[in-house]
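Line by line, the protein sequences give chains Z and D. Quick note on the numbering used here: the first sequence kicks off at 1 and runs consecutively. Quick note on the numbering used here: the second sequence kicks off at 314 and runs consecutively. First comes the structure, then the notes that go with it.
2 protein chains.
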Amino acid sequence: MAIVDLAMIRAAHDRIRAHINRTPVLTSSRLDTAAGGSLFFKCENFQKVGAFKARGATNAVFALDHATAKRGVATHSSGNHAAALSRAAKLRGIPAHIVMPNNTIKTKVRAVEGYGGQIVFCEPNQASREETCARVIAETGATLIHPFENAEVMAGQGTATVELLEDVDVDLVLSPVSGGGLLCGTAVAAKSLRPQIKVIAVEPANADDAFQSFRAGKIVRVEPDTIADGLRANVGAPNLEIMREFVDDVVTVSEESIVAAMREIWQTMKIIVEPSGAVPYAAIIERKIDIVGQRVGLILSGGNVDLDALPWK
Amino acid sequence: MAIVDLAMIRAAHDRIRAHINRTPVLTSSRLDTAAGGSLFFKCENFQKVGAFKARGATNAVFALDHATAKRGVATHSSGNHAAALSRAAKLRGIPAHIVMPNNTIKTKVRAVEGYGGQIVFCEPNQASREETCARVIAETGATLIHPFENAEVMAGQGTATVELLEDVDVDLVLSPVSGGGLLCGTAVAAKSLRPQIKVIAVEPANADDAFQSFRAGKIVRVEPDTIADGLRANVGAPNLEIMREFVDDVVTVSEESIVAAMREIWQTMKIIVEPSGAVPYAAIIERKIDIVGQRVGLILSGGNVDLDALPWK
């Protein structure tokens with residue numbers, strides 16, 4: 001029995017609905033023609049804080065009981081979860097302690113500050129993140145809201161797919177994978193609502209721990225080296241468990257394809273998507289998945305980019 | 314009696330509806346807070362060919378009788394009208410001859426070529442454009458579809474405001490002005506549907522011929538020097554006539570504000586708008602118009618930018 005199910009995702013949706021955007025599903029006849037299938041982009045770049053992370057963080061914060069909540073929340077995050085948790089905590093009127101790598105892009109640091117999160121910087125590796133976070137929790141009594149291993153976070157992320165499937169029918173859903181929070185929510189929602197839907201995770205080849213872990217059936221750690229700054233975490237152990245039950249496959253894409261996919265979406269669809277959010281479309285550009293004649297949902301996970309450091313400069 | 318009225322705009326809408334996108338009206342709570350009013354962005358950056366020009370060009374092409382249409386159409390344009398006319402002509406199965414300045418950005422040249430338009434380059438000034446176009450027309454028998462003086466073009470552009478007012482109530486509509494096609498369609502639609510709506514045109518201070526002409530009550534020509542490449546044409550004589558009857562005011566904005574407005578829209582709304590399309594929001598940044606507590610419609614006219622030549626590089 002997985003730690004996340006459709007009932008939790010439905011409950012999450014009711015809990016967060018007033019605090020998040022119902023994001024649109026956009027299409028492009030030009031991209032459809034190029035792909036040979038019908039593409040449906042679930043635009044979480046238009047979500048609060050600019051990423052799907054608003055869903056899971058808000059759900060996790062509002063699911064806490066009153067006594068626990070008032071001691072605050074804490075997390076380690078590469079950015080979007082940090083902004084989302086800060087915002088959710090502010091909505092509930094509680095403190096948020098944010099541990100983030102000291103190489104996080106300025107846009108994301110400013111976002112956390114803007115939402116009132118209290119930042120503690122750490123070294124840019126998973127061990128330092130976790131140690132620093134443990135110290136902050138010991139000092140404050142805050143509850144850890146893990147960016148992807150937390151079941152309520154996963155349930156919240158799954159609400160994007162509930163909305164996608166309310167709007168359109170698809171044969172296939174493509175989700176980026178990093179720690180696995182979005183992927184697990186997506187997979188549980190899709191398979192529970194329509195078991196015949198295939199769910200495929202897409203990951204940068206330069207951070208392919210989920211790809212390797214999925215094939216090995218156990219956690220394989222990798223040192224990430226990808227432009228997709230939202231996909232640098234290693235997949236979580238509970239996430240891998242869920243992936244093995246609900247995800248059909250994991251495919252990888254090159255750095256070049258990620259940049260090309262991002263640029264093509266900007267140019268053609270006139271929307272801003274961050275490198276991580278362009279990763280599913282990169283798999284279509286690379287023809288890693290057979291989508292000819294199929295209806296494909298793609299989770300455009302976020303739109304937070306540093307406009308002064310675009311990858312095609 | 315103006316050469317464009319609501320009946321023509323309604324007829325245009327019926328004529329083009331199957332060939333254009335019903336574009337969304339987007340909002341941003343963050344931008345509303347900064348502005349002190351409620352902003353409604355009519356997203357013509359999501360229109361076919363990436364700009365509102367698809368509306369007017371399609372209407373003008375489909376309004377031609379069969380015998381006239383089959384001799385083809387021609388125009389001089391800084392880009393978006395050229396792409397739009399090429400596309401409309403292709404939809405009707407007739408040739409389009411496009412005269413464009415030899416300094417037009419590559420994105421727009423490629424767009425015209427992609428839609429099958431036949432390009433004739435000219436010098437980057439209005440006199441050369443008009444001379445070259447007259448020669449092409451004499452040689453081919455094509456009908457001139459002027460980018461902004463043509464009444465059916467203006468009527469087509471007005472359909473964006475019909476849709477805007479179907480979706481939301483506003484106190485004020487802001488439109489960029491160049492030759493005046495969009496502005497006149499916008500103003501006639503808004504004032505005919507709801508006479509109490511104020512219509513304000515926004516123009517780059519570095520191409521302020523419409524501003525000067527509106528105040529002088531006669532055409533004043535100006536050599537444009539603005540980043541807003543869609544707003545470099547001088548206002549047309551028939552357009553000024555309509556402006557004097559339907560437009561409440563013209564305000565100007567600096568180049569700096571145009572770039573800041575464009576960047577702010579990208580960063581906050583996660584949508585791509587070209588400099589010309591950011592011009593109305595620049596007037597809000599500059600506080601040139603009192604919008605506190607008001608509901609303001611802004612025509613985001615287009616989203617065609619050269620991603621290799623962004624103005625904040």
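Quick reminder that beta carbons are idealized off the backbone N, C-alpha and C, glycines included. Please read all numbers here as calculations on a predicted model, not as lab measurements.
For residue i, which residues in the same chain have their Cβ closer than 6 Å to its Cβ, ignoring the five residues on either side in sequence?
i	result
Asn-463/D	Ala-373
Leu-174/Z	Ile-200, Val-202, Pro-280 and Leu-298
Leu-496/D	Ser-488, Val-490 and Ala-514
Ser-341/D	Thr-581 and Met-582
Asp-484/D	Gln-607 and Arg-608
Phe-246/Z	Ala-187, Val-188 and Lys-191
Ala-401/D	Ala-370, Thr-371 and Val-374
Asp-249/Z	Ile-200
Can you tell me whether residue i is helix, strand or coil according to DSSP?
i	result
Gly-176/Z	Residue identity differs from the one stated: residue 176/Z is Pro in this sequence, not Gly. Strand, per DSSP.
Asp-522/D	helix
Leu-457/D	strand
Phe-364/Z	What the structure shows of chain Z is the stretch from 1 to 313, and residue 364/Z is not part of that stretch, so it cannot be assessed.
Ile-377/D	A small correction: the amino acid at residue 377/D is Leu; Ile does not occupy that position in the sequence shown. It is coil, neither helix nor strand.
Gly-303/Z	coil
Leu-298/Z	strand
Ser-351/D	strand
Leu-344/D	helix
Leu-310/Z	coil
Ile-418/D	coil
Arg-249/Z	Contrary to the premise, residue 249/Z reads as Asp rather than Arg in this sequence. Reduced to three states, the DSSP call for Asp-249/Z is strand.
Ala-364/D	strand
Ala-409/D	strand
Ile-271/Z	strand
Thr-23/Z	coil
Ile-119/Z	strand
Val-317/D	coil
Val-153/Z	helix
Val-112/Z	helix
Val-449/D	helix
Ala-73/Z	It should be pointed out that residue 73/Z corresponds to Val in this sequence rather than to Ala. Note: Val-73/Z maps to strand in three-state DSSP.
Ser-567/D	coil
Among residues of its own chain, excluding the 5 on either side of residue i, which ones have a beta-carbon nearer than 7 Å to its beta-carbon?
i	result
Gly-141/Z	Arg-71
His-13/Z	Thr-159 and Val-162
Val-564/D	Ile-513, Val-515, Ala-596, Lys-601 and Ile-602
Gly-116/Z	Ser-86 and Lys-90
Ile-333/D	Gln-360, Lys-361, Ala-367, Arg-368 and Thr-371
Leu-377/D	Thr-456
His-410/D	Gly-385, Ala-387, Gln-431, Val-433, Val-449, Thr-453 and Ala-455
Do residue j and residue i count as a contact pair if the criterion is CB distance below 8 Å?
i	j	result
Asn-552/D	Pro-537/D	no
Gln-431/D	Pro-460/D	no
Cys-425/D	Ala-382/D	At residue 425/D the sequence reads Val, which differs from the Cys that was named. No, they are not a contact pair.
Ala-189/Z	Ile-9/Z	yes
Ile-258/Z	Pro-204/Z	yes
Phe-375/D	Ile-316/D	no
Glu-255/Z	Thr-226/Z	yes
Could you give the distance in angstroms between the alpha-carbon of residue i and the alpha-carbon of residue j?
i	j	result
Pro-275/Z	Val-73/Z	28 Å
Ser-642/D	Met-575/D	This structure cannot speak to residue 642/D, because chain D is shown only from 314 to 626.
Gly-236/Z	Lys-504/D	59 Å
Glu-264/Z	Leu-506/D	39 Å
Thr-499/D	Gly-616/D	19 Å
Leu-144/Z	Gly-230/Z	20 Å
Ala-541/D	Thr-58/Z	40 Å
Arg-423/D	His-394/D	13 Å
Asn-438/D	Glu-444/D	10 Å
Asp-306/Z	Asn-102/Z	16 Å
Gly-36/Z	Gln-470/D	33 Å
Arg-343/D	Trp-579/D	13 Å
Val-481/D	Pro-508/D	15 Å
Gly-277/Z	Pro-311/Z	14 Å
Met-243/Z	Phe-214/Z	8 Å
Glu-152/Z	Ala-309/Z	34 Å
Ile-418/D	Gly-494/D	22 Å
Lys-198/Z	Leu-39/Z	14 Å
Leu-6/Z	Gly-406/D	51 Å
Ala-67/Z	Leu-26/Z	41 Å
Using a Cβ-Cβ cutoff of less than 8 Å, which residues in the same chain neighbour residue i once the five nearest sequence positions on both sides are dropped?
i	result
Val-222/Z	Ala-207, Asp-208, Asp-209, Gln-212 and Asn-234
Ala-573/D	Ala-595 and Ile-598
Arg-22/Z	Glu-163
Thr-217/Z	It is worth fixing the name first, because residue 217/Z is Gly in this sequence and not Thr. Here the set comprises Arg-244.
Just to confirm the assignment: which complete alpha helix (DSSP H) runs, minimum length 4, are found wholly within the region 192-247 of chain Z?
Within the region 192-247 of chain Z, the complete alpha helix (DSSP H) runs of at least 4 residues are 209-216 and 237-246.
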